[in-house]
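Everything below concerns the one structure shown next.
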Amino acid sequence: MDDTPSVLDVEQISRLRELGQEDAGEMLRGMFERYLESVPPQLARMREALAEGNTAVLASEAHGLAGSSAVYALPRLRHFSLALETHARDQRLDEAGTLLDAVQRAFEEAGPLVMAELSTP
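In my numbering, the protein residues as written are 196 to 316.
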């Protein structure tokens with residue numbers, strides 16, 4: 196059985212919508228767009244840190260991405276970011292490249308799903 200979390204927590208997004216006013220959909224869409232634009236530079240910093248063997252920066256960036264992924268209802272991205280953070284903190288870089296690739300894939304899967312979900316009324 197695959198225990199990898201889902202890409203998107205639709206229930207959490209619904210709860211976020213309920214917190215807002217009538218224009219909550221537009222506001223959420225803008226927030227998510229800014230978030231999705233902020234992740235590629237963060238991934239680049241993680242790749243650079245991995246290439247340099249800088250576990251402190253790698254762990255810090257992975258930790259930040261894990262936290263923001265939780266806020267933005269992206270459990271799979273959070274899952275792989277936390278795993279990467281743990282490996283970096285333990286200075287185990289043997290699997291870090293594979294985990295960073297998984298983080299990248301989770302992010303690439305999430306973007307279209309998030310925007311599609313936010314486009315539904």
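Even glycine gets a Cβ: it sits at the ideal position worked out from N, Cα and C.
Note that the structure is a prediction, hence the values are computed from the model and not measured.
In the displayed model, proline 200 falls within coil according to three-state DSSP, outside both helix and strand. Given a length threshold of 4 residues, each whole run of the alpha helix (DSSP H) inside the segment 233 to 286 is given here in chain order: 250 to 266 and 270 to 284. Comparing alpha carbon positions, the residue from Asp296, Phe227, Ala283 and Pro307 closest to glutamate 256 is Ala283. Nearest C-alpha to serine 233 among Pro270, Leu260 and Arg300: Leu260. Cβ contact annotation for arginine 273 (same chain, cutoff 6 Å, sequence separation greater than five): Ala261, Ser264 and Ala265, in chain order. Classified as buried, arginine 271 has 16 or more neighbouring CB atoms from the shown chains inside 10 Å of its CB.
Taking 8 Å as the cut-off, the Cβ atoms of leucine 238 and leucine 245 do not count as close.
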